[in-house]
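Below you'll find the structure, written out as structure tokens, and then a few comments.
Residue numbers (my numbering): 12 to 389.
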């Protein structure tokens, strides 16, 4: 059946599916959102606290760096406390990979070619198989192998793809196939071209990211352009937005990218105007307050907040709840696209929050009832 809005359709690349703990990645599974802790892993309490904030923001997977024995020693305790699968980030030292796998990592982030001899790769693969770990190969333009830099002269899409294929072969030679791959760069053009090349060359799941993207605003823009471009082309099975910001912000931005393309729905999707002299209330401050006060809502629903009647009614027709500014501090509220009642400025924020919370509860109730209705009778 063809879509009634074909311009919104994204044909996802067909990749084989792997499991990262209990989370499927690739195939027809939802595109997962990841982040990475920045606390000292050896400080289990601080790391668990940060993981909890990321989980509350919606993270599907969380990566934790394991640079030394103290970190892998704490990793087991962290795994037990986490509610989502954890990925152990390993660089160079294969023993850290062995320790992390034994400690409960759902996935090991390694580059097989950087951890030593074929025997060491074989040991890591054996540990991964024994513990049910996936492996994520992480190619980065900033750390390409010397021979590839000499061959190509500089980081380029072909060099990143060749590096990825070399690392993949090392795993395949040991009959290991539960892997996903990233070819990241801080240059948006380079990263996108590399991912597009790799997508044509392999069938494994791809982990998207624009590495070292920058701060919250600049990094969000770069990541949205790069990751969004690839997702729109159907490429990508899991992603991390790399920001010089708190990791829970990476999660929020990741979901916003997916929500904007209709690939994931979580929480309140706000449609709001940039405001102008026609506004009947302070749109900017109102949206800031609503986003903060509604951040606990996980149920997918939509809210339009527009300052005047020029576009307000039209946008409200497309959202679950709508608010349009009117004169004399009296504003129109829309429910399911239909004009319903008015609200005064003084009560507006509390009123909209209450409406959204009630709508979320209603949707959750319908979902629960539907689930119960399909359960077979005992």
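Glycine included, every Cβ here is placed at the ideal spot set by N, Cα and C.
The Cβ atoms of residue 315 and residue 300 lie no closer than 7 Å to each other. Apart from the 5 residues on each side of it in sequence, residue 281 sits with its Cβ closer than 6 Å to the Cβ of 314 in its chain, given in chain order. In this model, residue 347 and residue 190 are separated by some 44 Å (Cα to Cα). In this structure, 90 is the residue among 134, 174, 298 and 90 with its C-alpha nearest to the C-alpha of residue 115. The C-beta of residue 292 has 16 or more other C-beta atoms within 10 Å across all chains shown, which makes the residue buried. With a cutoff of 7 Å on beta-carbon distance, residue 124 and residue 178 are scored as near each other.
The alpha-carbon of residue 356 is positioned some 12 Å away from that of residue 318. Residue 58 sits buried, since 16 or more C-beta atoms from the chains shown fall within 10 Å of its C-beta. Bridge pairing for residue 262: absent [DSSP]. Residue 35 is bridged by DSSP to 30. Per DSSP, residue 73 is one residue of the beta strand (DSSP E) stretching across 72 to 76. Taking residue 107 as the centre and dropping the five residues before and after it, the same chain places the C-beta of 77, 78, 79, 80, 82, 83, 99 and 101 closer than 8 Å to its C-beta, in chain order.
By the Cβ test, the segment 150 to 159 is not in contact with the segment 40 to 48, since fewer than three Cβ pairs between them sit closer than 8 Å. The continuous stretches of alpha helix (DSSP H) do not include residue 335, which lies in the beta strand (DSSP E) extending over residues 332 to 335. DSSP lists 341 as the beta-bridge partner residues of residue 355.
Taking each of 133, 337 and 208 in turn and checking the Cα distance to residue 170, the smallest one comes out for 208.
Rounded to whole angstroms, the separation of the alpha carbons of residue 151 and residue 310 is 36 Å. The continuous alpha helix (DSSP H) containing residue 232 extends over residues 227 to 243.
For the pair of segments examined, the segment 219 to 227 was found to touch the segment 196 to 207: the number of CB pairs separated by less than 8 Å reaches three. For residue 108, the enclosing alpha helix (DSSP H) starts and ends at 105 to 113.
Residue environment analysis places residue 285 among the exposed positions, since fewer than 16 neighbouring C-beta atoms fall within 10 angstroms of its C-beta.
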